[in-house]
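See structure below.
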Amino acid sequence: MNKLLYVIGAIFLNLFFLIHPCQQYPYLSVCGCVPTCRDGWVYTQPSSPQPQPQPTIPCLDGIVYIYNKDFTTTGKEGDPTTQTYVIDEPGRYVLCEPLHFQGNVSNQIAIDIQSSNVTLDFNQFSLRKEAGYIVNKGVVVKPNYSNVIITGWGTIVDFDQYAIEISQASKIFVSAMRLYNAQQGLYSANCDDVTLYAVEAKNSGITISGGKNFVVENSTVHYSHSNGVYTTNLDGLIIKKSKFFAFYGGDGASIYLNATTRALIDESELTGYVGGSSIGVDIKNSPNVVISNNRISFYTIAVQDDTAVDSCTTTSLFGNTFVHNDSTTSSNMYESDNCAFIEVVGNPHNLMGLTEFKSYQNVVIVKDQG
755 MNKLLYVIGA
765 IFLNLFFLIH
775 PCQQYPYLSV
785 CGCVPTCRDG
795 WVYTQPSSPQ
805 PQPQPTIPCL
815 DGIVYIYNKD
825 FTTTGKEGDP
835 TTQTYVIDEP
845 GRYVLCEPLH
855 FQGNVSNQIA
865 IDIQSSNVTL
875 DFNQFSLRKE
885 AGYIVNKGVV
895 VKPNYSNVII
905 TGWGTIVDFD
915 QYAIEISQAS
925 KIFVSAMRLY
935 NAQQGLYSAN
945 CDDVTLYAVE
955 AKNSGITISG
965 GKNFVVENST
975 VHYSHSNGVY
985 TTNLDGLIIK
995 KSKFFAFYGG
1005 DGASIYLNAT
1015 TRALIDESEL
1025 TGYVGGSSIG
1035 VDIKNSPNVV
1045 ISNNRISFYT
1055 IAVQDDTAVD
1065 SCTTTSLFGN
1075 TFVHNDSTTS
1085 SNMYESDNCA
1095 FIEVVGNPHN
1105 LMGLTEFKSY
1115 QNVVIVKDQG
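Counting with our numbering, you get residues 755 to 1124 for the letters of the sequence shown.
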């Protein structure tokens, strides 16, 4: 009899270990539990009551998890008060829940990155400014830092000034992010080697002031403020395979290039605001601009080059499709020492086509083969 009980007990224990979640998923922990990693196994200490199921994330060394409680500290009077979450060491930082930031007079930034070699992984969660509070910025990368990645199919929403601000930084990669309802989805000041990939800015634009080598690829901008992407004093810009939509009085330009050198706008879709007064691409004092293989629709002026006196410029258009634009191209360029000209090559004439080209001074149209 005792031998029979021993056999039954052994079978039961074997079945238990076969189905135990720590045996099945030894490297995963649930946000909300306290993980303990030992010899490759994960043990969790469930709280009471049992937490709601959350997405699982790896339990690995070097990862810091971010919760709403990290925005709270104890004030001088012992009361809880809001604080900025500061990242001042290299590593990977992962959101474990939707974050809500209230802010106060002295804390106008939700997450402040003050380190190089940082990955901020939103883990499909959001960072939101609480209603009724004034908070200027969602995520900020401070000057002189590099190799910063912001990613994870997250959403930064409702901040009053910028969803993301980067200043005097380099090698910044923002991917798979949604930037909603801010004055600017992203603001970059004097930064080098910045890439936005698979980024959506909605009801917000992107401003790039100074710096060099900026790439916007596979991204979408729905803008209702002045411009979709505005650049000034920038050397090197690529906008590729992206979409721009002006709406609700978006009467600026989808892309405004001011004092920008060496710009390529390629394989993108630009759609104006029907009934508005918008421009597809507005160029001012920006030499060596190539606009190629784009679809540009529903603008008062599809492409305008408004270059000032004595600013040498070369604007090339080829392989573009213009649809339902009141005026396909417009130019106020002034020729100085034969250095200003616009080249128009191989643009299919859909509907309006190149039916109107306004010129106040000497502008040369070269090889109009559309």
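All residues carry an ideal CB built from backbone N, CA and C; glycine is no exception. In this text, all values refer to a predicted model and were calculated from it rather than measured experimentally.
Inter-residue spacing [alpha-carbon to alpha-carbon] between residue i and residue j
i       : j       : result
Ile993  : Glu1021 : 8 Å
Gln837  : Tyr887  : 14 Å
Leu940  : Glu954  : 10 Å
Ser1070 : Leu1018 : 10 Å
Val1077 : Val1057 : 12 Å
Thr905  : Leu849  : 11 Å
Ala923  : Gly965  : 9 Å
Tyr984  : Leu991  : 11 Å
Asn1048 : Asp1080 : 17 Å
Glu1023 : Thr826  : 44 Å
Val1035 : Val928  : 24 Å
Val970  : Gln938  : 15 Å
Ser1032 : Lys995  : 21 Å
Ala917  : Gln878  : 16 Å
Ser980  : Thr1054 : 15 Å
Glu851  : Gly982  : 31 Å
Asn901  : Ile926  : 6 Å
Thr949  : Glu884  : 29 Å
Thr835  : Thr1083 : 55 Å
Thr1014 : Val975  : 20 Å
Thr798  : Phe968  : Residue placement at Thr798 is poorly supported in this model, since its pLDDT is 37, which falls under 50; the coordinates still yield a value, given next. Thr798 and Phe968: Cα-Cα distance of roughly 44 Å.
Tyr1010 : Thr986  : 9 Å
Val1044 : Val840  : 41 Å
Leu853  : Asp946  : 30 Å
Asp989  : Lys1038 : 14 Å
Thr873  : Ser1051 : 38 Å
Asp912  : Thr1075 : 36 Å
Ala864  : Phe1072 : 44 Å
Coil, strand or helix - residue i by DSSP
i       : result
Gly786  : For Gly786, the predicted structure reports a pLDDT of 38, less than 50, and the residue's modelled location is therefore unreliable. A value from the coordinates is still provided. Residue state, collapsed to three classes: coil.
Asn935  : coil
Phe999  : strand
Lys823  : helix
Gln862  : coil
Tyr941  : strand
Asp842  : coil
Asn957  : coil
Phe927  : strand
Glu919  : strand
Phe876  : coil
Asp914  : coil
Asn901  : strand
Ala1056 : strand
Gly1006 : coil
Pro852  : coil
Ser1070 : strand
Ala885  : coil
Lys891  : strand
Gly908  : strand
Ser870  : coil
Residues that DSSP places opposite residue i in a beta bridge
i       : result
Ser1051 : Thr1025, Val1077
Thr986  : Ser963, Asn1012
Ser973  : According to DSSP, which records beta bridges pairwise, Ser973 is partnered with nothing at all.
Cys1017 : This sequence places Ala at residue 1017; Cys is not what is there. Answer is Leu991, Val1043, bridged to Ala1017.
Asn981  : Ala1007
Ile1037 : Leu1011, Asp1059
Asp947  : Answer is none; Asp947 lacks a bridge partner.
Thr836  : Thr826
Inter-residue CB distance, residue i and residue j (contact presumed, cutoff 8 Å)
i       : j       : result
Asp875  : Arg846  : 6 Å
Leu881  : Ile910  : 5 Å
Ser942  : Ser958  : That pair is no contact at about 14 Å.
Gln868  : Tyr899  : 7 Å
Tyr1027 : Phe998  : Contact doesn't hold; Cβ gap of about 11 Å is too wide.
Ala936  : Gln915  : 7 Å
Ser973  : Ala1007 : Rounded, the Cβ-Cβ distance is 17 Å, inconsistent with contact.
Val818  : Gly857  : That belief does not hold up - the Cβ atoms of Val818 and Gly857 are roughly 22 Å apart, past 8 Å.
Asn871  : Pro897  : No, Asn871 and Pro897 are not in contact; Cβ-Cβ is about 16 Å, not under 8 Å.
Neighbour flag for residue i against chain B, beta carbons, 8 Å
i       : result
Gly1073 : Within the model displayed, chain B is absent; a lone protein chain is all it includes.
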